[in-house]
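Quick notes on the structure that follows.
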Amino acid sequence: MMRVLVGLICVLAVAGTATASEPEPGNFNLTFGGGFNVPSSDEADNGYIVGAGLGYQLTPRLILGAEISYLGYDAEQDVNGNAPNESVVDYLATGKYFVRDGKHAPYLKGFAGQYDYDFDSAVGAASYSHSDLVYGGGFGLLVRGDTESNLYVEVLARQLQLESHRTRLYTLTVGVDIGFLP
């Protein structure tokens with residue numbers, strides 16, 4: 065895990081050598097990312113996250129948008145070698161506030177929306193699914209390049225209901241942010 069983090073930092077450092085392309089209000093951006101998640105309780109296993117989003121640059125420091133994410137889990141196998149299928153899909157309204165402009169632009173992010181949770185046991189005996197509110201926030205860093213393609217890394221905490229109680233999922237996501245004019 066440490067090697068992955070060191071590799072991500074190196075990629076961002078190399079990408080940061082490009083000149084900055086400052087955002088302008090009225091622009092749209094697409095984001096695509098992936099990473100991993102760690103739950104705060106024993107009711108969920110570590111897993112991965114992939115997602116995409118669309119944002120609108122409202123001001124030079126504020127982006128409002130919508131995202132969809134798929135969170136999968138590395139469930140443990142039972143004695144017969146079977147593993148349950150457990151996943152979360154969330155649909156989010158998001159807001160990013162950039163603390164400062166520049167080539168390396170840190171930001172705060174908040175979100176709220178709905179998630180769909182599905183659990184199927186390995187042997188098909190138990191199945192469970194529900195939808196509920198998800199909300200949370202975190203921080204990130206956008207590394208602007210000399211084109212409209214930028215790299216980002218963000219750390220978020222999601223609050224949601226998994227099985228019997230509310231659980232917080234911590235996610236680390238790395239991806240690309242592509243800006244374009246309407």
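Start counting at 1 in the sequence shown, then tack on 64, and there's your number in the working numbering. Cβ coordinates follow ideal geometry from the N, Cα and C atoms, glycine included.
Counterpart residues of residue i in DSSP-defined beta bridges
i, result
"Glu-332", "Because residue 332 is not part of the residues shown, which for the chain are 65 to 246, the question remains open."
"Arg-230", "Gln-225"
"Ser-191", "Asp-184"
"Val-163", "Partner(s): none; Val-163 has no beta bridge."
"Asp-247", "The requested residue 247 is not part of the displayed model; the chain covers only 65 to 246."
"Leu-135", "Ile-113, Val-152"
"Ser-248", "Since the first residue shown for the chain is 65 and the last is 246, residue 248 is missing from the structure and cannot be characterised."
"Gly-248", "Since the first residue shown for the chain is 65 and the last is 246, residue 248 is missing from the structure and cannot be characterised."
"Leu-122", "Per DSSP, none; premise fails for Leu-122."
Close-in-space but distant-in-sequence residues of the same chain around residue i (CB under 7 Å, 5 per side omitted)
i, result
"Leu-118", "Phe-92, Leu-94, Gly-129, Ala-130"
"Asp-241", "Asn-93, Thr-95, Leu-206, Asn-214, Tyr-216"
"Pro-89", "Gln-121, Leu-122, Thr-123, Pro-124"
Member of the options whose CA lies at the smallest distance from the CA of residue i
i, options, result
"Tyr-134", "Thr-237, Ser-104, Phe-244, Gly-174", "Thr-237"
"Ser-193", "Thr-211, Gln-225, Gly-177, Gly-204", "Gln-225"
"Gly-202", "Asp-210, Gln-178, Arg-232", "Arg-232"
"Ala-176", "Phe-100, Leu-156, Lys-160", "Leu-156"
"Lys-173", "Val-152, Asp-165, Tyr-199, Asp-180", "Tyr-199"
"Arg-230", "Tyr-179, Arg-164, Ile-132, Gly-159", "Tyr-179"
"Ile-127", "Val-152, Lys-160, Val-114", "Lys-160"
"Gly-204", "Tyr-181, Arg-164, Ser-191", "Arg-164"
"Tyr-234", "Ile-113, Val-152, Pro-103", "Pro-103"
Sequence-distant residues of its chain with Cβ nearer than 6 Å to residue i (five each side left out)
i, result
"Phe-162", "Arg-125, Ala-169, Tyr-171"
"Val-152", "Leu-135, Tyr-179, Tyr-181"
"Gly-158", "Here residue 158 is Thr; the residue named in the question, Gly, does not match the sequence. Once the five neighbours on either side are set aside, the close Cβ partners of Thr-158 are Gly-129, Glu-131, Phe-175."
"Val-114", "Gly-98, Tyr-134"
"Ser-191", "Asp-184"
"Tyr-112", "Phe-100, Gly-136"
Buried versus exposed call for residue i [16 or more other C-beta atoms within 10 Å across all chains shown]
i, result
"Arg-222", "buried"
"Arg-208", "buried"
"Phe-244", "exposed"
"Thr-211", "exposed"
"Thr-123", "exposed"
"Gly-239", "buried"
"Asn-101", "buried"
"Leu-166", "Inspection of the sequence shows that residue 166 is occupied by Gly rather than by Leu. So Gly-166 ends up on the exposed side."
"Asp-196", "exposed"
Own chain, CB closer than 8 Å to residue i, minus 5 neighbours either side, in chain order
i, result
"Asn-110", "Phe-100, Asn-101, Val-102, Pro-103, Tyr-137, Asp-138"
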